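Report on the following structure.
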Amino acid sequence: YIKTGKYEQAIQSLKLAIDNTKSKKGKTRYAYIVGQLYQRAGRIESSNQYFAQCIKWKPGYDLSFHAKMNLFLNDATEGAASEQVIANIQKLLKDPKNKDYQGELYYSLAIISLNQNKKEQAVDQFNLSLQSPNVTNSQKADSYSKLADLYFDQQDYLKAKLYYDSTLNVLTKNDERRGSISRILANLEEIAQHLQNISLQAVSYTHLRAHE
135 YIKTGKYEQA IQSLKLAIDN TKSKKGKTRY AYIVGQLYQR AGRIESSNQY FAQCIKWKPG
195 YDLSFHAKMN LFLNDATEGA ASEQVIANIQ KLLKDPKNKD YQGELYYSLA IISLNQNKKE
255 QAVDQFNLSL QSPNVTNSQK ADSYSKLADL YFDQQDYLKA KLYYDSTLNV LTKNDERRGS
315 ISRILANLEE IAQHLQNISL QAVSYTHLRA HE
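Numbering (the working numbering), first residue to last: 135 to 346.
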């Protein structure tokens, strides 16, 4: 159901799986995925319920960390005091146990900055995410994509193209974003070439004037 975009059916199936499995590991994993699907649908209250349930069942550190992170992001989405959410994330950043999660933490801070319309700060934080140790290709794709969108909105098409290229390079073959990003890149190709030609002509003109 998830692979075919039938998210409501996926949620109902996962809820049945939670009710019918005796495996604690299974329950926590299914609850986490339900939380993600509700988050995707913008149903934050339901998303929080399942992330909180996942934590309550005491999963391993990795799943617990991600459930907490998603609760923080949901709080920010719902308009909770950004200062408190940021403080919570920064506290996690300072914990040596979370070294391998720095990429995700900086990404989360960048998303909050975007929601506050602090675009320059968001760019810095997306770049910190990309430079973090052990950052995954999936996380790189998210950061590259957001940076590409930012530069596209600012009509900086050359930078946008570079970041969409980088996004495509780290996406898995079956990632649903490949199609839309490929179409954007095809449209940007001609624009980027045109802008590069203008830039080269301007340099040539300046060079000629300097030797008159």
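Virtual Cβ for every residue (Gly too), placed ideally from N, Cα, C.
Just so it is clear, the structure is predicted and the values come from calculations on it, not from any experiment.
query: K156 versus E310, L302, E142, W191, residue with shortest Cα-Cα distance; result: W191
query: For N251 and F286, the rounded distance between their alpha carbons; result: 16 angstroms
query: The stretch 232 to 240 contacting the stretch 255 to 275, beta-carbon criterion three pairs below 8 angstroms; result: yes
query: Beta-carbon proximity list for I223, same chain, < 7 angstroms, skipping 5 on both sides; result: F206, L239, S242, L243
query: Proximity below 8 angstroms, CB of A144 to CB of I152; result: no
query: Reference A275, options E254, L292, L302, closest by Cα; result: L302
query: Between the CA atoms of Y135 and N268 - distance to the nearest angstrom; result: 31 angstroms
query: Nearest-angstrom beta carbon gap, Q187 and S181 [assumed within contact, 8 angstroms]; result: No, S181 and Q187 are not in contact; Cβ-Cβ is about 11 angstroms, not under 8 angstroms.
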